[in-house]
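A.B. asks:
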Amino acid sequence: MPEIEFHHAADEEMKAAAVYYDDQVVGLGSDFLDEIESGLNRIRRFPLLSPIYDGEYRRYLLKRFPYGLIYRIEAQKIFIIAVTHHQRKPKYWIDRT
0 MPEIEFHHAA
10 DEEMKAAAVY
20 YDDQVVGLGS
30 DFLDEIESGL
40 NRIRRFPLLS
50 PIYDGEYRRY
60 LLKRFPYGLI
70 YRIEAQKIFI
80 IAVTHHQRKP
90 KYWIDRT
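Numbering (numbering that gives the first Met the number 0), first residue to last: 0 to 96.
(1) Given P89, which residues of its chain have a CB within under 8 Å of its CB, disregarding the five upstream and five downstream residues?
(2) Determine the closest residue to R71 out of F64, T83, H85 and G54, with distance taken between C-alpha atoms.
(3) Quick one: Cα of Y59 to Cα of A74, how far?
(4) In angstroms with no decimal places, state the Cα-to-Cα distance between L48 and K62.
(5) Buried or exposed, going by whether 16 or more other CB atoms sit within 10 Å of the CB of L96?
(6) Could you give the first and the last residue of the continuous beta strand (DSSP E) run that contains V18?
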């Protein structure tokens, strides 16, 4: 299975969301991270399953939380460019490399 790599800003988005959820209800941040991990496992197994979102980027939608994983399939890895809330401005992440 391909390796997963996070853009540093996507990693920060994921951590900030987990802290936010844990501040709301103890343990909810862990649930969020568990769902992220579940999504990453699904992306690893079926990288082409998520629909194309913009150009070379695909978007996997989390089931329990209003977030998506924006990713690009590369030769030897899957690159997560953003962990984005559904209410955030669309494509704010587009200038990340």
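Positions of the beta carbon are idealized from the N, C-alpha and C atoms, including for glycine.
C.D. replies: In terms of the structure at hand:
(1) Here residue 89 is taken as the residue at index 90 of the sequence shown, counted from 1. Closer than 8 Å at Cβ, skipping near neighbours: no residue.
(2) Numbered from its first residue, the sequence shown carries residue 71 at position 72. Closest option to R71, Cα to Cα, is G54.
(3) Residue 59 sits at position 60 when you count from the first residue of the sequence shown. Residue 74 sits at position 75 when you count from the first residue of the sequence shown. Roughly 19 Å separates the two Cα atoms.
(4) Position 49 of the sequence shown, counted from the first residue, corresponds to residue 48. Position 63 of the sequence shown, counted from the first residue, corresponds to residue 62. In a straight line, the C-alpha of L48 is about 15 Å away from that of K62.
(5) For this step, residue 96 is matched to residue 97 along the sequence shown. As written in the sequence, residue 96 is Thr, which differs from the Leu given in the question. It is exposed - the Cβ of T96 has fewer than 16 other Cβ atoms within 10 Å.
(6) To locate residue 18, count along the sequence shown from 1; it is residue 19. Where V18 is concerned, there is no enclosing beta strand (DSSP E), although the alpha helix (DSSP H) it sits in stretches over H7 to Q23.
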